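Trainee: If you're matching positions, the sequence shown starts at 869 in our numbering and goes up one per residue. Sharing a structure, written as structure tokens. Questions coming.
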Amino acid sequence: MCGIAGFELRGEGDELLARSLLDSLENRGPDGRFFQQRGGYGLVQTRLAVIDLSDRVEYPMTNETEDLWLLFNGEIYGYGDLRRDLEGAGHRFSTDCDAEVIVHGYEEWGVALFARLNGMFAVALVDERRGEITLARDATGIKPLVRTTGPRFAFGSDALALVTAGLSAGEIDRQAIAEYAAFHYVPSPGTGIADLVEVEPGTAVVRRRDGSEEVRRWRPRRFDGPPAAENVDPEELNQALLDSVSRQLVADVEVGIFLSGGVDSSLLAALAVEAGARPRAFTISFHGHGDYDESTRAARLARSLEIPHHVEAMNATFTEAIEGVSQAYDQPFADSSALPTLFLSRLARSQVTVAMSGTGGDDLFAGYYRHRAHKLRSAVSHLPDRLLDRLARLTVDQGAERRNLLKLANSYLARIARAGGTDDHEQYLALVAQMSSNGGLGALQDVPGGDQVRSGVAERLGLVNPSSGSVLRELQRFELQTYLPGDLLTKEDRASMACGLEARVPLLDEAVVAVAERMPDRQKLSWLGGKLPLRKLAREKLPAAGRSGRKRGFAVPLHGLFTGPWRDEARSWFMESDSTLVDGAVAVEFLDLGSHASDLWALATLAAWEARLSECRNSSPASL
């Protein structure tokens, strides 16, 4: 796992640019710093050593003839098989590092190599023979890669690193901020910065010596097409998961696991034990915050599996929380679970270099409430008008210290009622809506808002596609382009990399994804619940102490924090903010009313990101 960056060479100032990028990326790779000039580009990499810890591993990595050069961030699983194939074809390896299969594989197969890789990756390959540079990103978007659209070509793992180096002007993209308000993250390809965009998952950008470019999609979009007609054999999923966990336990450093107490991470822990490992497990507790604290359940499971377990309480002042997130995240990011993920990553890094997480289970196997909302829409529409009106006006603060089933059910029905008699896709967009006109949108300045923003993203990313065969598959395909890479994987990558920790996601292994894509809807969810295949496996593999009840997520008790220990500090912070995006006085009104806790967090993280962007812009040597 590493941090990478590169830029067009212009002579004077290139060494200064490289030093700035290396300093900005140091957390992503504390074990090595590299810079070379190749093919007209300055190539920068920091390294977190996980496979082959020897000094033989240097970046940019090259081939035998030293005319192909690689920057690499990620991990390739099962790379030994690819290596044997390439050695059989006459390629000579100089390290035991997984990254080297990319160098020789690109020589052998070109862009077609990427479809052969099982892993998470963001790469840059400079081909001096062809006079080309190729940027590519894994099919799911696990690892980040951004690039400039301005006058000087540059790319990197971190958007703000490019601003600090002066390779981006660092101007705010107001449309991206509007999309952030709608979703609480910036959907691809936006970054929040006007002249920086993401390289989209499953694509390669080939840039030639004359500046012309070609974008090649080397992997079709996930869930694009109908599922299998018959149910998938459950044993096929079981074997795919066991193989994935076994592959991702391979490292030359110790591998741990994030253990929340939920189905996904608990199942991974059991599979790791089945694979012969005893990984250290790490859990964050919310002691004193009722149902938000899953540490007791996690501890029971760890004892049953006989694995070491480390628990730490999350205690942070408002300022510590905001500064921690703003330093870790290079884009506007409002998922409050970023905060415990940061604490969890710090805890894990104190013991291990790699940690596995259960991210992806709900996305692949339809575990979210919104995945089955379309099944309930017709039933809700038959409720009496008076009851629908009452439901539509119902507000249940999800920050309450205890979130019982009745509150969740009422809140869920209320959101469906507020979505009205729309079609399935409009209902879905209403259910995923974040800031409302009577909430956080009122505190945003000069930022467009409303339903048209969500609809614009849906249209851009093709939410409706008849070839997918079902509403559920259309929603899953959309979320695997938006919510999974933009929220969940961004959260985990930035939090773990801020601590120099590699986070692995076995549930997003290519073999597991392939099984999930083939499964028909009926095998994944019913009227009463989702994620049925994983829940069935959990019942078979987990001891009674580790079997999870209803879905909780990695939620943070924001309401209790903003009305309790954070209140006075947050009030002063908003009043002193000089943000051009957030009206601090309006935010304070919400704070004094004790309402809109999630919006308050989103406004605070946005204002803090803007302040950090300004700092990066002001410290840049203006090298554009």
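From the three backbone atoms N, C-alpha and C, an ideal C-beta is built for every residue, glycine too. Keep in mind that this is a model prediction, so the values were computed, not measured.
Rounded to a whole number of angstroms, what is the C-alpha to C-alpha distance between MET929 and LEU1357?
Mentor: Cα-Cα distance, rounded: 26 Å.
Trainee: Assign VAL1332 to buried or exposed, taking buried as 16 or more other Cβ atoms, counted over all protein chains shown, within 10 Å of its Cβ.
Mentor: Exposed is the call here.
Trainee: From LEU1013 to ARG1439, what does the alpha carbon distance come to, in whole angstroms?
Mentor: C-alpha separation (whole angstroms): 36 Å.
Trainee: Give the secondary structure of PHE1091 by DSSP, where H, G and I count as helix, E and B as strand, and everything else as coil.
Mentor: Reduced to three states, the DSSP call for PHE1091 is coil.
Trainee: To the nearest angstrom, report how far apart THR1185 and LEU950 are at their CA atoms.
Mentor: In a straight line, the C-alpha of THR1185 is about 49 Å away from that of LEU950.
Trainee: So what does DSSP say about VAL1141, is it helix, strand or coil?
Mentor: DSSP places VAL1141 in helix when its eight states are reduced to three.
Trainee: Mind checking whether GLU1162 and SER1128 have CB atoms under 8 Å apart?
Mentor: Cβ distance < 8 Å, so GLU1162 and SER1128 count as in contact.
Trainee: Consult DSSP for TYR1069 and reduce its assignment to one of helix, strand or coil.
Mentor: As written in the sequence, residue 1069 is Pro, which differs from the Tyr given in the question. In this structure, PRO1069 counts as coil in the three-state DSSP scheme.
Trainee: Does the distance from the CB of GLU1180 to the CB of LEU1215 come in under 8 Å?
Mentor: Against a cut-off of 8 Å, the Cβ pair of LEU1215 and GLU1180 comes out as a contact.
Trainee: Do you know offhand how far LEU1369's Cα is from PHE1201's?
Mentor: Cα-Cα distance, rounded: 20 Å.
Trainee: Just how far apart, CA to CA, sit GLY1330 and LEU1343?
Mentor: Approximately 10 Å, taken between the alpha carbons.
Trainee: Reducing DSSP to helix, strand and coil, say where ALA1371 ends up.
Mentor: Residue state, collapsed to three classes: strand.
Trainee: Anyone know if the C-beta pair for ILE944 and LEU911 falls short of 8 Å?
Mentor: No, the Cβ-Cβ distance between ILE944 and LEU911 is not below 8 Å.
Trainee: State the DSSP-derived secondary structure class of ASP995, mapped to helix, strand or coil.
Mentor: It is a strand residue.
Trainee: What does DSSP give as the partner residue(s) for ARG915 in the beta ladder?
Mentor: Bridge partners of ARG915: CYS870, GLY900.
Trainee: Based on Cα-Cα distance, which residue from GLU1068, THR1221, GLY907 lies nearest to ARG915?
Mentor: It is THR1221.
Trainee: Per DSSP, MET988 forms a beta bridge with which residues?
Mentor: BP columns for MET988 point to GLU943.
Trainee: Taking the runs of the alpha helix (DSSP H) that are 4 residues or longer, which of them lie wholly in the segment 1171 to 1198?
Mentor: The segment 1171 to 1198 contains these whole alpha helix (DSSP H) runs: 1186 to 1196.
Trainee: Where does GLN1499 sit, in a helix, a strand or coil, going by DSSP?
Mentor: This structure cannot speak to residue 1499, because the chain is shown only from 869 to 1492.
Trainee: For GLY1267, which residues of its own chain have a beta-carbon under 7 Å away from its beta-carbon, when the five flanking residues on both sides are left out?
Mentor: Its pLDDT being 43, under 50, GLY1267 is placed unreliably in this model, and the coordinates cannot settle the point.
Trainee: Please state the DSSP three-state secondary structure of ALA1479.
Mentor: ALA1479 falls in the helix class under three-state DSSP.
Trainee: For ALA1475 and ALA1029, I'd like the C-alpha separation in whole angstroms.
Mentor: Rounded to the nearest angstrom, the two C-alpha atoms are 19 Å apart.
Trainee: In whole angstroms, give me the CA-to-CA distance for TYR1237 and ASN931.
Mentor: So the two alpha carbons sit approximately 49 Å from each other.
Trainee: The alpha helix (DSSP H) that contains THR1017, what's its start and end?
Mentor: Looking at the DSSP string, THR1017 is not in any alpha helix (DSSP H), and its letter there is neither H nor E.
Trainee: In the DSSP assignment, find the unbroken beta strand (DSSP E) run with ILE1061 in it and report its ends.
Mentor: Run containing ILE1061: none; DSSP gives neither H nor E here.
Trainee: Can you name the start and end residues of the alpha helix (DSSP H) that SER892 belongs to?
Mentor: It spans 882 to 892 - the alpha helix (DSSP H) in which SER892 sits, taken as one unbroken run.
Trainee: What do you reckon, are the CB atoms on LEU1494 and LEU1400 nearer than 8 Å?
Mentor: Lying before the first or after the last residue shown, residue 1494 is absent from the chain, which here runs from 869 to 1492.
Trainee: Under the three-state reduction of DSSP, which class applies to MET929: helix, strand or coil?
Mentor: If DSSP states are grouped into helix, strand and coil, MET929 belongs with the strands.
Trainee: For GLY879, which residues of its own chain have a beta-carbon under 6 Å away from its beta-carbon, when the five flanking residues on both sides are left out?
Mentor: Same-chain partners within the cutoff: there are none.
Trainee: Taking Cβ positions, are LEU1173 and ALA1138 nearer each other than 8 Å?
Mentor: Their beta carbons are under 8 Å apart, which means LEU1173 touches ALA1138 by this criterion.
Trainee: GLY1018 and ASP1063 - do their beta-carbons sit closer together than 8 Å?
Mentor: Yes. Within cutoff.
Trainee: Between CYS870 and the rest of its own chain, which residues show a CB-CB distance below 7 Å, the 5 nearest in sequence each way excluded?
Mentor: Taken in chain order, the residues that qualify are ARG896, GLY897, GLN913, THR914, ARG915, LEU916, PHE940, ASN941.
Trainee: For the segment 1111 to 1120 against the segment 1030 to 1043, do three or more pairs of beta-carbon atoms, one drawn from each stretch, fall closer than 8 Å, so that the two count as touching?
Mentor: Flag = no, the segment 1111 to 1120 and the segment 1030 to 1043 do not touch.
Trainee: Could you tell me whether the segment 1098 to 1107 touches the segment 1379 to 1396, using the rule of 3 or more Cβ pairs below 8 Å?
Mentor: Yes, they touch.
Trainee: Could you name the residues that DSSP lists as bridge partners for ALA1007?
Mentor: Looking at the DSSP assignment, ALA1007 forms no beta bridge with any residue, so it has no partner.
Trainee: Grab me the residues of LEU936's own chain with a C-beta within less than 8 Å of its C-beta, minus the 5 sequence neighbours each way, in chain order.
Mentor: Around LEU936: THR930, VAL971, TYR974, GLU975, LEU993, VAL994, ASP995, GLU996, ARG997.
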